[in-house]
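Residues in the sequence shown are numbered from 383 upward in steps of one, following my numbering. In this text, a Cβ means the ideal position worked out from N, Cα and C, and glycines have one as well. Beneath this line is the structure, given in structure tokens, with notes to follow.
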Amino acid sequence: MPRVNGIQFLEEFSKLRKMIEISSCVVMMFSSSEREEEKKIIMSHDFVKGYLVKGSFQAAELKEKVLAVIGQHLEKHS
């Protein structure tokens with residue numbers, strides 16, 4: 383990512399969510415990192431609904447995960 387990494391983005395996004403009404407926005411992270419401690423930090427944000435390591439999944443798996451997140455989100459906000 384230009385200028386900030388994924389964790390920095392999540393920290394800034396978390397602050398932004400407190401200032402304006404975007405609580406219905408969710409995030410699915412795509413990372414090159416397989417480090418478990420980094421994944422724990424990322425998944426500690428309640429708005430992060432998924433974490434995938436780049437290159438470790440097939441298109442069908444990505445589609446399945448994205449559709450699952452969208453489905454859960456729609457159920458919650460309908």
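Ser396 carries a helical assignment under DSSP once its states are collapsed to helix, strand and coil. Counting along the chain, Val451 sits inside the alpha helix (DSSP H) bounded by residues 441-458. Leaving aside the five residues that flank Lys447 on each side, the residues in its chain whose CB is nearer than 6 Å to its CB run, in chain order, Gly432. The beta-bridge partner set that DSSP reports for Phe412 consists of Leu434. Of all alpha-carbon atoms in Met410, His455, Glu416, Lys421, the one lying nearest the alpha-carbon of Ser438 is that of Glu416.
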